[in-house]
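A.B. asks: Please read through the structure below; I'll follow up with questions.
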Amino acid sequence: MNATHSLSTTNLALGYPDRRIIDSLTIDIPPNQITAIVGPNACGKSTLLRGLSRLLAPTAGQVLLDGRDIRTIRTRDVATVLSLLPQTPQAPDGISVADLVGRGRYPHQGWFRTWSAEDDAIVDAAMVATGVQDLAARSIDELSGGQRQRAWIAMVLAQNPEILLLDEPTTYLDITHQIEVLDLLMDVNRQVGTTIVMVLHDLNLACRYADNLIVMRAGAIVVAGAPVDIVTPELVRSVFDLDCLVLPDAVSGTPTVVPIGRHHRPIARDDNTGTP
Amino acid sequence: MTTTNPTTVPAVPASLVARRARRRRSLGVAVGLTVLIVALGAVALLLGKASLTPSDVLSALAGQGTPMTGFVIGELRLPRILTAVVVGVCLGVSGSVFQSTLRNPLASPDIIGITASASVVGVVAIVVFGISGLGLALVVITGTLVAAAGMYLLAWRDGMSAYRLVLVGLGVAALCSGVVSYVLTRSDIRDAQMGLVWVTGSLNNSSWAALLPVAACAGIILAALATLARPLLVLELGDATAAGLGVPLERTRLLIIAAAVALAAVAVSTAGPLAFVALASGQIARRLLNTGGAGIAISGFVGAALLLAADMIAQFAWPTTAFPTGVVTGLVGAPFLIWLLIRASRTGTGS
């Protein structure tokens with residue numbers, strides 16, 4: 003287990019001079035847990051993640067890492083504790099998996115600390131953990147979407163973060179690879195205790211994989227807590243304007259949102275004609 | 166990481182194997198290019214109006230030739246060859262740094278207005294103020310840095326966008342070529358003649374006196390750039406990833422671009438705005454290395470080889486006339502640019 007680092011915000015405001023996206027948001031990220039930020043499009047969830055990862059400077063309030071304003075800590079030192087995987091990261095043409103993952107070591111190196119055997123071991127361990135070790139010499143552009151995303155996760159793991167922020171890590175992946183990536187993140191969290199904060203689109207997957215949900219709407223937090231405690235039809239209606247049932251997931255028992263919608267295709271009956 | 170069972174980690178880390186392979190590859194390419202540059206240089210020493218034998222050249226190089234061969238080799242051919250190498254390295258490195266930092270294969274100093282601004286400064290200095298030699302070099306370097314700073318500011322809105330910088334640069338390049346034409350048409354015919362040769366790019370005025378200060382400038386800038394090599398590799402992964410990895414984005418990018426601008430200006434002040442060498446070198450280096458990564462040093466080698474070859478073609482391909490070197494780099498480079506544009510629009514990597 004890592005020593006526990008804390009990440010929190012106090013009265014955080016993010017946005018642009020003419021357009022404030024998040025206003026006075028205060029939250030503690032639970033350490034050593036998986037937190038998913040969910041909410042409708044344009045609710046400010048990616049903006050919050052960019053703020054938490056110091057990519058976006060607050061217009062007011064603070065992001066606190068271990069109780070210190072993150073802007074006052076040297077950005078390289080922040081990077082040894084906290085790492086970020088942007089939504090659609092871009093790799094240079096032809097870069098190999100091992101080379102990409104190796105660049106995750108950047109914050110740990112410096113003038114007097116160049117590449118060492120320890121770096122090789124950490125890069126290898128990250129590739130093994132994400133199952134890309136056999137692809138080490140392959141070029142990133144030759145990989146499938148799921149493999150590529152695992153290589154990028156290996157890159158941020160090589161950074162040895164204790165807090166890992168991911169912006170929609172499952173975007174553009176098919177369902178198999180979405181599960182693969184989320185299972186992988188769960189492994190990392192359960193085995194090393196890495197605090198994970200991710201923006202997720204899929205409410206059901208968020209309920210299944212997150213210990214803790216942050217539900218946002220219009221730049222503010224509506225509610226935060228364990229999915230089983232907070233996800234109700236009323237919450238989904240008030241946040242997503244969607245009528246739904248909330249049932250226990252048949253596999254995990256976590257809440258599942260079943261939208262009601264206006265049209266329901268009849269289910270084929272025993273006569274196999276497709277008509278009821 | 167402590168996550169994994171140690172038995173699953175192979176004895177020799179895959180990371181180490183991959184790193185060794187990469188290093189071998191770049192070393193191999195560097196050696197190959199060095200051999201090519203030396204070979205081109207050797208041929209260039211032999212070619213020229215005064216027909217010299219290899220033994221004439223060798224004895225002249227050893228300082229034991231006749232005064233005539235000593236002059237031809239020592240004062241004419243050798244400085245010209247070395248100038249081509251230094252200018253080629255500057256252009257190659259500058260182009261590769263721009264392309265890699267701005268993450269755009271078209272973003273080389275000759276496309277985005279850096280060499281164009283340098284040529285405006287140079288032409289005005291030559292035609293209007295009659296400046297030449299080291300003074301010209303300093304004026305061009307200073308003027309180009311100022312122009313680049315202006316472009317950087319124009320492209321700034323809540324931070325620097327590489328794409329905006331490319332667009333601003335294209336506009337500036339167009340504007341500059343207009344200004345150059347205006348100055349040339351308004352000036353005295355002899356000044357215009359000289360200005361025109363310079364604007365096309367030429368190594369005709371090479372000499373030790375011109376080369377030494379330029380080589381010193383280039384050496385200092387390259388050394389400064391070498392200290393930024395590691396953050397540069399991380400910047401290649403895009404702004405958000407680089408910031409997440411702890412690179413102070415604006416400061417690092419500003420320093421790197423300033424160094425690349427200065428290198429381009431050094432090259433232009435010496436040999437005029439030779440077209441396309443900067444654009445092509447980085448791309449060729451990438452393909453030679455074929456391992457990702459900018460290959461900035463390799464691009465310098467490629468630039469030197471390209472410029473040496475282009476200068477030889479310009480001087481000797483037509484028995485009756487010697488062309489300015491820039492004519493050759495332009496003729497060869499333009500189709501390359503077109504190919505790059507077509508490829509970029511096909512793969513969608515142009516923006």
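Residue numbers (our numbering), protein chains in the order written: chain D, 3 to 278; chain E, 166 to 516. A virtual CB, placed ideally from N, CA and C, is assigned to each residue, including glycine.
Strictly below 7 Å CB to CB, what residues from chain D border residue 401 (chain E)?
C.D. replies: By one-based count along the second sequence, residue 401 (chain E) stands at place 236. Under the 7 Å cutoff, chain D gives 94.
A.B. asks: Using alpha carbons as the reference points, say which of D:254, D:265, D:133 and D:61 lies closest to residue 245 (chain D).
C.D. replies: For this step, residue 245 (chain D) is matched to residue 243 along the first sequence. When each option's Cα is compared against that of residue 245 (chain D), the closest is D:265.
A.B. asks: Contact between the region 214-223 of chain E and the region 231-239 of chain E: three or more CB pairs below 8 Å?
C.D. replies: A contact exists between the region 214-223 of chain E and the region 231-239 of chain E.
A.B. asks: Rounded to whole angstroms, what is the Cα-Cα separation between residue 272 (chain E) and residue 483 (chain E)?
C.D. replies: Looking up residue 272 (chain E) in the second sequence gives position 107. Looking up residue 483 (chain E) in the second sequence gives position 318. Taking the straight line joining both Cα atoms gives about 33 Å.
A.B. asks: Residue ranges of each alpha helix (DSSP H) run of no fewer than 4 residues wholly in the region 213-256 of chain E, ordered along the chain?
C.D. replies: As far as the region 213-256 of chain E is concerned, its whole alpha helix (DSSP H) runs of at least 4 residues are 219-226 and 232-236.
A.B. asks: Where does residue 494 (chain E) sit, in a helix, a strand or coil, going by DSSP?
C.D. replies: Start at 1 with the first residue of the second sequence, and residue 494 (chain E) comes out as number 329. Three-state DSSP puts residue 494 (chain E) in a helix.
A.B. asks: Near residue 481 (chain E), which residues of its chain fall below 6 Å by C-beta distance, leaving aside the five closest residues on each side in sequence?
C.D. replies: Translated into the one-based positions of the second sequence, residue 481 (chain E) becomes position 316. Counting only Cβ-Cβ distances below 6 Å, and skipping sequence neighbours, we find 212.
A.B. asks: With a cut-off of 8 Å, do at least 3 Cβ pairs link the region 351-370 of chain E to the region 486-496 of chain E?
C.D. replies: Contact between the region 351-370 of chain E and the region 486-496 of chain E is present, because at least three Cβ pairs lie under 8 Å.
A.B. asks: For residue 234 (chain D), decide whether its Cβ has a neighbour in chain E, counting only Cβ atoms nearer than 8 Å.
C.D. replies: Your numbering for residue 234 (chain D) matches position 232 in the first sequence. No, because no Cβ of chain E sits closer than 8 Å to the Cβ of residue 234 (chain D).
A.B. asks: Closest by CA to residue 31 (chain D), which one among D:17, D:24, D:66 and D:15?
C.D. replies: Within the first sequence, the letter at position 29 stands for residue 31 (chain D). Considering only alpha carbons, the answer is D:66.
A.B. asks: Beta-carbon separation of residue 128 (chain D) and residue 402 (chain E) under 8 Å?
C.D. replies: Working through the first sequence from its first residue, we reach residue 128 (chain D) at position 126. Working through the second sequence from its first residue, we reach residue 402 (chain E) at position 237. No. Outside cutoff.
A.B. asks: According to DSSP, what are the bridge partners of residue 98 (chain D)?
C.D. replies: Within the first sequence, numbered from 1, the residue matching residue 98 (chain D) stands at position 96. According to DSSP, residue 98 (chain D) bridges with D:141.
A.B. asks: Whose C-alpha, out of E:391, E:389, E:296 and E:292, is nearest the C-alpha of residue 344 (chain E)?
C.D. replies: Numbered from 1 along the second sequence, position 179 holds the residue referred to as residue 344 (chain E). Ranking E:391, E:389, E:296 and E:292 by Cα distance to residue 344 (chain E) puts E:292 first.
A.B. asks: Examine chain E for any beta-carbon lying closer than 8 Å to the beta-carbon of residue 77 (chain D), and answer yes or no.
C.D. replies: Looking up residue 77 (chain D) in the first sequence gives position 75. So, interface residue.
A.B. asks: Residue 143 (chain D): buried (16+ other C-beta within 10 angstroms of its C-beta) or exposed?
C.D. replies: On the first sequence, residue 143 (chain D) is found 141 positions in, with the first residue counted as 1. Exposed.
A.B. asks: Nearest-angstrom Cα distance between residue 20 (chain D) and residue 400 (chain E)?
C.D. replies: Within the first sequence, residue 20 (chain D) is the residue found at index 18, counting from 1. Within the second sequence, residue 400 (chain E) is the residue found at index 235, counting from 1. Answer to the nearest angstrom: the Cα atoms are 29 Å apart.
A.B. asks: Mind checking which residues open and close the alpha helix (DSSP H) that includes residue 191 (chain D)?
C.D. replies: Numbered from its first residue, the first sequence carries residue 191 (chain D) at position 189. First-last of the alpha helix (DSSP H) with residue 191 (chain D): 177-194.
A.B. asks: Identify, in the order they occur along the chain, each residue of the same chain with its Cβ nearer than 7 Å to the Cβ of residue 2 (chain D), setting aside the five sequence neighbours on each side.
C.D. replies: Missing from the structure shown is residue 2 (chain D); chain D here goes from 3 to 278 and no further.
A.B. asks: What three-state label does DSSP hand residue 246 (chain D) in the structure shown?
C.D. replies: Along the first sequence, read from residue 1 onward, the residue named residue 246 (chain D) stands at position 244. In this structure, residue 246 (chain D) counts as strand in the three-state DSSP scheme.
A.B. asks: Comparing the C-beta of residue 100 (chain D) with each C-beta of chain E, is any distance below 8 Å?
C.D. replies: Walking along the first sequence from the start, residue 100 (chain D) turns up at place 98. Chain E, which has a Cβ nearer than 8 Å to the Cβ of residue 100 (chain D), makes this yes.
A.B. asks: Can you find the residues in the same chain that come closer than 6 Å, C-beta to C-beta, to residue 390 (chain E), ignoring five residues on each side of it along the sequence?
C.D. replies: Stepping through the second sequence from its first residue, residue 390 (chain E) is reached at position 225. Hits under 6 Å: 424.
A.B. asks: Who are the near neighbours of residue 182 (chain E) in its chain, counting only those whose CB is closer than 7 Å to its CB and skipping five residues on each side?
C.D. replies: By one-based count along the second sequence, residue 182 (chain E) stands at place 17. Answer for residue 182 (chain E): no residue qualifies.
A.B. asks: Within a Cβ cutoff of 6 Å, which residues of the same chain sit near residue 370 (chain E), ignoring the five residues on either side of it in sequence?
C.D. replies: Residue 370 (chain E) sits at position 205 when you count from the first residue of the second sequence. No residues qualify anywhere along the chain.
A.B. asks: Using a Cβ-Cβ distance cut-off of 8 Å, determine whether residue 80 (chain D) contacts chain E.
C.D. replies: As a position in the first sequence, residue 80 (chain D) is number 78, starting the count at 1. So, interface residue.
A.B. asks: Just to check, is the beta-carbon of residue 249 (chain D) closer than 7 Å to a non-hydrogen atom of the ligand ADP?
C.D. replies: Among the components of this structure there are no ligands whatsoever, and the ligand ADP is therefore not found.
A.B. asks: Return the CA-CA distance between residue 130 (chain D) and residue 111 (chain D), expressed in angstroms with no decimal places.
C.D. replies: Along the first sequence, one-based indexing puts residue 130 (chain D) at 128. Along the first sequence, one-based indexing puts residue 111 (chain D) at 109. Their backbone Cα atoms lie some 22 Å apart in a straight line.
A.B. asks: Determine the extent of the beta strand (DSSP E) in which residue 169 (chain D) is found, giving its start and end residues.
C.D. replies: On the first sequence, residue 169 (chain D) is found 167 positions in, with the first residue counted as 1. Start and end: 165-169.
A.B. asks: So does the region 254-269 of chain D actually touch the region 193-211 of chain D, counting three or more Cβ pairs closer than 8 Å?
C.D. replies: Yes, the region 254-269 of chain D is in contact with the region 193-211 of chain D.
A.B. asks: Per the DSSP calculation, residue 218 (chain D) is bridged to which residue(s)?
C.D. replies: Indexing the first sequence from 1 puts residue 218 (chain D) at position 216. In DSSP, residue 218 (chain D) forms a bridge with D:223.
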